[in-house]
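Heads up, my numbering is the position in the sequence shown plus 7, with the first residue counted as 1.
What follows is one structure encoded as C-alpha cells, with my remarks underneath.
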Amino acid sequence: MEGEPDLETRAPVDLGPKCPNCGEPWLRPTNLPGRYRCVYCLHRFELTSVCPNCGEHSTIVRMSSTAILKCNHCGDSMLQPV
Ligand SMILES: [Zn+2]
Ligand SMILES: [Zn+2]
8 MEGEPDLETR APVDLGPKCP NCGEPWLRPT NLPGRYRCVY CLHRFELTSV
58 CPNCGEHSTI VRMSSTAILK CNHCGDSMLQ PV
C-alpha cells in the first residue's frame, strides 16, 4: 500500500489486517474459523461469505494470508462486527 500517511513505519513485522473499528492492524484470528478479534480495541469480527457491500459471494480460503479479508469484487471489507 502506498500513500499511507503513517510515518511511524516500524520494523517489517507482519502486523496483519486492520481492524475496521479502530483502524489498528491488530486483527488476529481466533480459534474459531472465520472469526477475528482486534487485540487493540477487543472488538470481534466475523469473516462473512457474502460481501456486505455488493452481495458478491466469496470463497473463503482459510490461509494465514490477510488478503482474503476483502471482497475480490468491490474491495470492501468482508469483516462484520460480531
Ligand atoms: Zn480494533
Ligand atoms: Zn463486494
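Even glycine gets a Cβ: it sits at the ideal position worked out from N, Cα and C.
Beta carbon of residue i: closer than 7 Å to some heavy atom of ligand 1?
i	result
Glu31	yes
Tyr47	yes
Asn28	yes
Flag residue i as yes when its Cβ comes closer than 7 Å to any non-hydrogen atom of ligand 2, and as no otherwise.
i	result
His80	yes
Glu92	For the chain, the structure presents residues 8 to 89; residue 92 sits outside this window and is missing.
Pro38	Per the sequence shown, the amino acid found at residue 38 is Asn instead of Pro. No, the beta carbon of Asn38 sits no closer than 7 Å to any heavy atom of ligand 2.
Let's see if you can read the secondary structure: which residues bound the beta strand (DSSP E) around residue i?
i	result
Tyr47	No beta strand (DSSP E) holds Tyr47; DSSP gives it neither H nor E.
Pro88	86-88
Pro36	34-36
Do residue j and residue i come within 8 Å of each other at the CB atom, strictly closer than that value?
i	j	result
Leu39	Leu54	no
Ser56	His64	yes
Rounded to the nearest angstrom, how far is the Cβ of residue i from that of residue j, given a contact under 8 Å?
i	j	result
Pro174	Tyr43	Past the edges of the chain, shown from 8 to 89, lies residue 174, and the structure says nothing about it.
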